[in-house]
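Colleague: What follows is a single structure, and I will ask about it in a moment.
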Amino acid sequence: MTTNGKFGGYGGQFVPETLMQELHEIETTYLKLREDPKFQRELHDLLDNYANRPSLLYHAQHMKEKLGGAQIYFKREDLNHTGAHKINNVLGQALVARYMGKRKLIAETGAGQHGVATATVAALLGMDCEIYMGKEDTERQRLNVFRMELLGAQVHAVTNGSMVLKDAVNAAMQAWVADVTDAFYVLGSAVGPHPFPMMVRDFQSVISIEAKQQILEATGKLPDAVVACVGGGSNAIGSFASFLDDETVQLIGCEAAGKGVHTQQQAATITNGTDGIFHGMKSKFLQNPAGQIDEVYSISAGLDYPGIGPEHAALSQSGRAQYVPITDDEAVQAFEFIARTEGIIAAIESSHAVAYVEKLAPTMRSDQTIICTLSGRGDKDVAAIARYKGVKIDE
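Under our numbering, think of the first position of the sequence shown as 438, with each following residue one higher.
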């Protein structure tokens, strides 16, 4: 980040005047807490003793044997409490909210993992919780909706627009504006107006801080590549953060190509997006020539977002990170491959990254290494994969 919430020419604050004072208070509070030893002790105590950190760095030797080429390591965020990397960021933002005297957490969710993490932490801290989720996603992820309700959250099914993640973000922002005195908007991805992309990056950077230490202990050197899936980009920016200054490490984000980047059913923002302003930030978005945001599609509810976090847009523009499209078919194949080869049922989001590892590893030497982040577990996606393959199961 440079200054004023900008990443190169991306980022910023494009919100109604009513939110500017609130964003300023969040930024001021967070920058103070970031240097506060008491806040850091409380956060890291929760990460270690509640979220179950550090997460495992697993050497996938069976995949290496099948694919040849580079050594493959999986950063197992799927083993965190609530089953995804989302808990890292939610714990941080919820503590900021409590320090600000807020009594309610508002959040949006796509695949449901951020909603489950927010509902979990709200229960832990004794706060009210409201979750906004596109109606189509509530039907794709009914188990996660029920988990949120069990944890005491009120889940709102959003019926506007295409009824997916972007519409949930719209609804959550509107609810926040209407209740800004009591509520804190826990943004789940590295998107939105400053300071959210900065906070999400900082709270998720624990992934790469741990991974760097773990790979140095395992191999004595830095990895040659770090691979992670990208929707808005919280998992990827957390996986990249500690390696940004290590120029020998390739950083690769895998975005959802859906039915193919040359079709209308895709969400490949870096591949096909153009500069624009949406959800309070300047970044790259899939939009028509008139600037209207396109509807997007992916088999993964967590990746079908029409934009990408501003830091990713800047990293792509500078060439520091590379972004590649992965289709539904490739992700489903990878979902099955890692399950049968390593005994890991990974989230369909993460399977987009695994699919690229399958392409990349054979092109590298056996003394080179890849770290691939498994952002979440795939229990929630088993029914969706079965439907995709035409298999009838009792959900």
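Heads up, the beta-carbon is just placed ideally off N, CA and C, and yes, glycines get one too.
#1: Taking the CB atoms as reference points, tell me whether isoleucine 652 and leucine 811 lie closer together than 9 Å.
#2: Quick check on DSSP: helix, strand or coil for isoleucine 808?
#3: Measuring alpha carbon to alpha carbon, tell me which residue in Ala497, Thr706, His496, Ile714 is nearest glutamine 729.
#4: Tell me whether arginine 540 sits in a helix, a strand or coil according to DSSP, three-state version.
#5: Would you tell me roughly how many angstroms separate the C-alpha atoms of serine 676 and glycine 449, rounded to the nearest one?
#6: According to DSSP, is phenylalanine 772 helix, strand or coil?
#7: Would you mind reading off the limits of the beta strand (DSSP E) that contains leucine 494?
#8: Does the stretch 810-830 come within contact of the stretch 536-547, defined as at least 3 CB pairs closer than 8 Å?
#9: For the 8 Å Cβ check, are there 3 or more pairs between the stretch 485-494 and the stretch 515-534?
#10: Return the first residue and the last residue of the beta strand (DSSP E) that glycine 695 is part of.
#11: Can you tell me whether arginine 777 is buried or exposed, with buried defined as 16 or more other CB within 10 angstroms of its CB?
#12: Assuming valine 628 and glutamate 459 make a contact with CB atoms under 8 Å, what is their CB distance in whole Å?
#13: Can you list the alpha helix (DSSP H) stretches of 4 or more residues lying completely in the stretch 531-614, in chain order?
#14: Under 8 Å, with one C-beta from each stretch per pair, do the stretch 744-752 and the stretch 660-680 reach the 3-pair mark?
#15: Reducing DSSP to helix, strand and coil, say where isoleucine 714 ends up.
#16: Note down, in chain order, each residue of its chain lying with its Cβ closer than 7 Å to the Cβ of valine 558, except the 5 sequence neighbours on either side.
#17: Rounded to whole angstroms, what is the Cα-Cα separation between glutamine 703 and phenylalanine 583?
#18: Please classify phenylalanine 451: does DSSP put it in a helix, a strand, or coil?
#19: Quick check on threonine 764: does DSSP put it in helix, strand or coil?
#20: Between the C-alpha atoms of glutamate 404 and alanine 792, what's the straight-line distance to the nearest angstrom?
Modeller: According to the structure shown:
#1: In this structure, isoleucine 652 lies away from leucine 811, with their beta-carbon atoms at least 9 Å apart.
#2: Taken through DSSP and simplified to helix, strand or coil, isoleucine 808 comes out as strand.
#3: Nearest C-alpha to glutamine 729: Ile714.
#4: For arginine 540, the secondary structure class from DSSP, reduced to helix, strand or coil, is coil.
#5: The straight-line gap separating the alpha-carbon atoms of serine 676 and glycine 449 is approximately 23 Å.
#6: In the structure shown, phenylalanine 772 adopts helical secondary structure according to DSSP, grouped into three states.
#7: 494-496 is the extent of the beta strand (DSSP E) around leucine 494.
#8: With a cut-off of 8 Å, the stretch 536-547 and the stretch 810-830 do not count as touching, because too few Cβ pairs lie within range.
#9: Because the criterion of three Cβ pairs below 8 Å is met, the stretch 485-494 and the stretch 515-534 touch.
#10: First-last of the beta strand (DSSP E) with glycine 695: 687-695.
#11: Classification for arginine 777: exposed.
#12: At roughly 17 Å, the Cβ-Cβ gap does not stay under 8 Å, so valine 628 and glutamate 459 are not in contact.
#13: 550-562, 572-577, 579-587, all fully within the stretch 531-614.
#14: Yes, the stretch 744-752 is in contact with the stretch 660-680.
#15: For isoleucine 714, the three-state secondary structure derived from DSSP is strand.
#16: Excluding positions up to five away in sequence, the list reads Val527, Leu528, Ala531.
#17: When rounded, the separation of the alpha-carbon atoms in glutamine 703 and phenylalanine 583 is 28 Å.
#18: Judged by DSSP in its simplified three-state form, phenylalanine 451 adopts coil rather than helix or strand.
#19: Taken through DSSP and simplified to helix, strand or coil, threonine 764 comes out as strand.
#20: Nothing in the structure corresponds to residue 404, since the chain is present only between 438 and 832.
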